[in-house]
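Beneath this line is the structure, given in C-alpha cells, with notes to follow.
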Amino acid sequence: MSKLDFLRQEIESFPETQNLQVADADVITVVQYIDLKKAFDPNDPNQKFEPVLVLEPFVRIEYKVSEAFKTNEAELDKKKKLDTTYHNDYLMHAKLADFRLFNDERKEALVAANAFVDQIQPNQFIRGLYLYGKYRTGKTYLLSAIANAMVEKNISVVFAYFPDLVRNFKNSFNDHSLEPKVKQLKTCGLLILDDVGGEYMTAWFRDEIFGPILQYRLTVGLPILISSNYKMTELHAVLAEAKDGIDEVKAMRIITRIRELTKEIKLSEKRYDAI
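In UniProt numbering, the protein residues as written are 1 to 275.
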C-alpha cells in the first residue's frame, strides 16, 4: 500500500471526511485537519480555537472560536457582575425554579421573588424584599437565586453576609479602603444584605455606614434585598441597643428607610432540617 493510499484510508475512516472527494493535492491538508480535529475537545473551554475544513474555493484549514470557550467567557463576564467578596456561603447554582414549595409562605415568597426579578430594570427603582425568619428556612437560597437571575439580566450585584461585611469594614481603617467599599455598596445595581442584625453592629457602623448606604439607595432609586432573623419591629429594638447605648431615633431612621426600600416577607414556618 502506498503512502497516498494509507492517507486516503485515514480520510475514509473519519466520519466527517469519509464521503469527501479529495484530490491528490489536497490529501495532506485533509489529513492534517483530521489530526487537529481529533486533538480538539469541544467541551474544553481552554481550547479557544476549533479547526474547520473549508473546501471552497480551495481546500484549506481555518479556525473559529470554540463554543465552549465562548460559553465560558460569557459565564466569566456574568460572574464579574456578581461580587460575593463578603459572602462565603453564596449558592452559585441556586435557581428560583428549584426553590422548594412545601408551605404557603414559601409560595408567597417565591411569587414575590419572581415578581421582583421580572420587574427590575437597570436605572429603574423597584421595592426589594425583606425576608425574615429563623435559620435554615431558605432565605439565603432565595437571595442567591435572585442574584443569579440578576446577573442574567446584566445587572451588577453585591451579595454580602452582613456580619462579615461589618467586620471587613471595621478593618478597612488600616488599609484606607473604606470609602471605595462604601461607594460600591451605594451604587451597585442591586445590593443584597444577608443576615442583618444588631448584635454585631456598633453605633458607628449603624450611623456612618449602614444608614448612609440605605439613604443613598433610596434617594437615587436603587433596589436592595435584605434577610434577617428579626422582623422589622424586632430589628428596630436590636438596632437601638448598640454598644454605645440606646438610640431610638437613629434606629427608627434605619427601619424607616428599610420599610421604604423593601417589602416584608415571612419565611419562618418550617426549616429544611425539619422536612
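Virtual Cβ for every residue (Gly too), placed ideally from N, Cα, C. Remember, predicted model here, so these are calculated numbers, not experimental data.
- Checking the DSSP bridge columns, you'll see Asp194 partnered with Tyr161.
- Residue environment: Thr219 is assigned as exposed (fewer than 16 neighbouring CB atoms within 10 Å of its CB, all protein chains considered).
- Contact check for Val59 against Val22 passes: the beta carbons are separated by less than 9 Å.
- Beta-bridge pairing by DSSP links Arg60 to Val54.
- Runs of beta strand (DSSP E) with 3 or more residues, each lying fully within the UniProt domain "IstB-like ATP-binding" (90-242), are found at 128-132, 157-161, 190-194 and 224-228, listed in chain order.
- Glu16: not part of any beta strand (DSSP E); DSSP gives it neither H nor E.
- Proximity of the stretch 188-201 to the stretch 225-235 meets the contact definition, three or more beta-carbon pairs being nearer than 8 Å.
- Burial state of Ser66 is buried, judged by a 10 Å Cβ sphere holding 16 or more other Cβ atoms.
- Judged by beta-carbon spacing, Gly128 lies within the 9 Å limit of Lys263, meaning their Cβ atoms are closer than that value.
- Selection Val27, Phe40, Ala74 and Lys64 evaluated against Phe6 yields Val27 as nearest (Cα-Cα).
- Proximity to Tyr63 across Ser144, Asp77, Ala74 and Lys48 peaks at Lys48, based on C-alpha coordinates.
- DSSP, read as helix, strand or coil, puts Asp83 in strand.
- Judged by their CB atoms, Ser156 and Leu214 are not nearer to each other than the 9 Å cut-off.
- Residue range Val27 to Ala39 is occupied by the alpha helix (DSSP H) that includes Lys38.
- Annotation: Pro45 to Ile34 spans about 20 Å, alpha carbon to alpha carbon.
- Remark: C-beta atoms of Leu143 and Ile192 approach each other more closely than 9 Å.
- The residues Val182 and Lys186, in chain order, have a CB closer than 8 Å to that of Pro212 in the same chain once the five nearest residues on each side in sequence are set aside.
- Ranking Leu110, Phe210 and Asn43 by CA distance to the CA of Arg257 puts Phe210 first.
- Here Met1 is exposed: its Cβ has fewer than 16 other Cβ atoms, across all protein chains shown, within 10 Å.
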